[in-house]
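Engineer: The structure is given below, and queries will be raised subsequently.
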Amino acid sequence: EAAVTQSPRNKVTVTGGNVTLSCRQTNSHNYMYWYRQDTGHGLRLIHYSYGAGNLQIGDVPDGYKATRTTQEDFFLLLELASPSQTSLYFCASSDGGASTEVFFGKGTRLTVV
Amino acid sequence: GEQVEQLPSILRVQERSSASINCTYENSASNYFPWYKQEPGENPKLIIDIRSNMERKQIQGLIVLLDKKAKRFSLHITDTQPADSAMYFCAASTGGNNKLTFGQGTVLSVIP
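Each protein sequence line maps, in turn, to chains P and A.
Take the first sequence: its position 61, counting from 1, is numbered 61 in my numbering, and each next residue is one higher.
Take the second sequence: its position 29, counting from 1, is numbered 29 in my numbering, and each next residue is one higher.
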């Protein structure tokens with residue numbers, strides 16, 4: 001099965017703090033995504049990328065930056081964390097071609113106090 | 001963009017009965033409609049999907065129906081078991097970038 005690994009799995013930070021969430025996929029997929037999951041909203045796309053150095057804006061990008069350093073690695077950055085960013089964050093990958101399945105990591109639970 | 005509405009948000013059914021979840025979408029260019037199951041503390045996992053060139057797809061006890069005119073698709077779980085209890089998400093995508101727009105989710109509880 002396709003492998004998407006997120007770290008850390010849990011993180012607590014203070015309001016105004018700086019947080020980086022990491023994601024690595026070993027599927028040789030071109031596309032990587034960052035979603036947040038909140039009750040009543042499902043999963044919402046923050047940013048995505050179709051290759052190293054590329055970044056595309058998702059549906060809820062405010063307050064987030066992202067960087068794709070290699071085909072395998074995609075990072076989500078919160079430079080001034082706010083309590084509204086308390087959420088469960090999922091990274092995902094897809095090859096965007098013949099196979100359209102999107103594979104999700106195990107998630108990072110972020111709490112901003 | 002795309003918006004996907006999913007109902008109901010909570011669904012309780014008796015074991016061995018059927019469960020149905022409905023989703024609607026707005027963008028007529030959407031052509032891929034996956035369904036994901038998420039168990040507590042786990043990541044979402046694809047259970048079945050349908051593309052816009054089909055109206056019906058079945059994998060064992062899972063049936064997906066797609067009505068493109070009405071912009072509506074649905075998941076039907078037949079002969080439910082307690083192991084089917086989970087959160088279910090529908091989603092829609094317009095193509096190659098696999099940018100999925102998800103519904104709000106349905107918590108399914110199958111009562112023994």
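Heads up, the beta-carbon is just placed ideally off N, CA and C, and yes, glycines get one too.
1. Please check the pair P/Tyr35 and P/Phe90, which I expect to be a contact at CB under 8 Å, by giving their CB distance rounded to whole angstroms.
2. Taking DSSP's pairing of strands, which residues face P/Tyr33 in a bridge?
3. Let me check one thing: in DSSP terms, what residues is A/Pro34 bridge-paired to?
4. Look at the Cβ atom of A/Gly103, then the Cβ atom of P/Gly58, and state whether they are nearer than 8 Å.
5. For P/Ala2, which of helix, strand or coil comes out of DSSP?
6. Taking all protein chains shown into account, do 16 or more other C-beta atoms lie within 10 angstroms of the C-beta of P/Met32, making it buried, or fewer, making it exposed?
7. Tell me which residue opens and which closes the beta strand (DSSP E) that A/Lys71 is part of.
8. Would you identify the three-state DSSP class for P/Asp59, choosing helix, strand or coil?
9. List the DSSP bridge partners of A/Val110.
10. Leaving out five residues before and five after A/Glu15 in sequence, what residues of the same chain have Cβ atoms less than 7 Å from its Cβ?
11. First and last residue of the beta strand (DSSP E) that includes P/Ser22?
12. Taking Cβ positions only, does P/Glu101 come closer than 8 Å to chain A?
13. Can you name the residues that DSSP bridges to A/Met87?
14. Determine the burial state of A/Gly1: buried for a count of at least 16 other Cβ atoms within 10 Å of its Cβ, exposed for fewer.
15. Is the distance from the Cβ of A/Lys45 to the Cβ of A/Lys57 below 8 Å?
Structural biologist: From the atom records:
1. For the purposes of this step, residue 35 of chain P is taken as the residue at position 35 of the first sequence. For the purposes of this step, residue 90 of chain P is taken as the residue at position 90 of the first sequence. Confirmed, Cβ separation roughly 5 Å.
2. Position 33 of the first sequence, counting from 1, holds the residue named residue 33 of chain P. P/Tyr48 and P/Ala92, per the DSSP bridge assignment.
3. Start at 1 with the first residue of the second sequence, and residue 34 of chain A comes out as number 34. The partner list for A/Pro34 (beta bridge, DSSP) reads A/Asp49.
4. Within the second sequence, the letter at position 103 stands for residue 103 of chain A. Within the first sequence, the letter at position 58 stands for residue 58 of chain P. Cβ atoms of A/Gly103 and P/Gly58: not closer than 8 Å.
5. Within the first sequence, numbered from 1, the residue matching residue 2 of chain P stands at position 2. DSSP places P/Ala2 in coil when its eight states are reduced to three.
6. Taking the first sequence and counting its residues from 1, the one referred to as residue 32 of chain P is at position 32. By the 10 Å Cβ count, P/Met32 comes out buried.
7. To locate residue 71 of chain A, count along the second sequence from 1; it is residue 71. First-last for A/Lys71: undefined, no H or E at that position.
8. Here residue 59 of chain P corresponds to residue number 59 of the first sequence, with the count starting at 1. Note: P/Asp59 maps to coil in three-state DSSP.
9. By one-based count along the second sequence, residue 110 of chain A stands at place 110. A/Val13.
10. Here residue 15 of chain A is taken as the residue at index 15 of the second sequence, counted from 1. So the qualifying residues of the chain are Thr80, Gln81, Pro82, Val110, Ile111 and Pro112.
11. By 1-based counting over the first sequence, the position of residue 22 of chain P is 22. That run of the beta strand (DSSP E) goes Val19 to Gln25.
12. Here the question's residue 101 of chain P lines up with position 101 in the first sequence. Chain A contact via Cβ: present.
13. Translated into the one-based positions of the second sequence, residue 87 of chain A becomes position 87. For A/Met87, which the question treats as bridged, DSSP gives the partners A/Gln38 and A/Val107.
14. Along the second sequence, one-based indexing puts residue 1 of chain A at 1. Classification for A/Gly1: exposed.
15. Position 45 of the second sequence, counted from the start, is the residue given in the question as residue 45 of chain A. Position 57 of the second sequence, counted from the start, is the residue given in the question as residue 57 of chain A. Going by C-beta atoms, A/Lys45 is not nearer than 8 Å to A/Lys57.
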